[in-house]
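**Q** Residues in the sequence shown are numbered from 123 upward in steps of one, following the working numbering. Quick one: the structure is below, and I'll ask about it shortly.
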Amino acid sequence: MGDIHAPLCERWTVKLFKVAMLKMRRMSEGHLRFVALAVSCDYNHYITPCGICRQFMNEFGKNLEIFFVNNDRTYKHSVLADLLPFAFGPEDLPSNDPKE
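Structural data, given as structure tokens:
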């Protein structure tokens with residue numbers, strides 16, 4: 123199995139820097155991918171990652187599972203591709219292969 127990490131706990135700020143730092147740290151430790159992300163809040167409704175964070179997460183896979191958890195611990199589930207349709211990602215960049 124994998125590890126669980128909970129680095130984000132601030133309110134009302136863009137979390138991109140912390141997500142990027144977590145990703146780089148995990149890669150340096152030999153963990154090469156994320157399989158799921160949980161976003162929790164202390165509200166009655168669900169919150170989702172902002173657009174900047176969605177685009178950053180897209181760099182690591184459109185099929186990233188995301189769980190949204192509210193204050194009564196009920197949750198909804200989605201995948202990143204559903205939250206960021208028509209995303210631009212690594213597969214949209216030209217190949218370095220001279221044969222293409």
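All C-beta atoms in this analysis are idealised placements derived from N, C-alpha and C, irrespective of residue type, glycine included.
Whole angstroms is fine: what's the gap from Phe189's alpha carbon to Pro212's?
**A** Taking the first residue of the sequence shown as 1, we reach residue 189 at position 67. Taking the first residue of the sequence shown as 1, we reach residue 212 at position 90. In a straight line, the C-alpha of Phe189 is about 24 angstroms away from that of Pro212.
**Q** Tell me the DSSP secondary structure of Ile174 in three-state form.
**A** As a first step, residue 174 is located in the sequence shown; it is residue number 52 there, counting from the start. Ile174: helix per DSSP, three-state reduction.
**Q** Reducing DSSP to helix, strand and coil, say where Trp134 ends up.
**A** Taking the sequence shown and counting its residues from 1, the one referred to as residue 134 is at position 12. Low per-residue confidence applies at Trp134: pLDDT is 49, beneath 50, and the placement is therefore not dependable, though the value from the model is reported in the following sentence. Here Trp134 sits in coil by DSSP.
**Q** Determine the DSSP secondary structure at Leu159, reduced to helix, strand or coil.
**A** Indexing the sequence shown from 1 puts residue 159 at position 37. Of the three classes helix, strand and coil, the one that applies to Leu159 here is strand, per DSSP.
**Q** Which partner residues of Glu187 appear in the DSSP bridge assignment?
**A** Here residue 187 refers to the residue found at position 65 when the sequence shown is read from its first residue. Beta-bridge pairing links Glu187 to Ala158 and Val201.
**Q** Compute the beta-carbon to beta-carbon distance between Val191 and Ala160, rounded to the nearest angstrom, for a pair I have assumed lies under 8 angstroms.
**A** Numbered from 1 along the sequence shown, position 69 holds the residue referred to as residue 191. Numbered from 1 along the sequence shown, position 38 holds the residue referred to as residue 160. About 6 angstroms separates the two Cβ atoms, so the contact holds.
**Q** Could you tell me whether the Cβ of Phe178 comes closer than 8 angstroms to any Cβ of chain C?
**A** Among the chains of the structure shown, chain C does not appear; only one protein chain is present.
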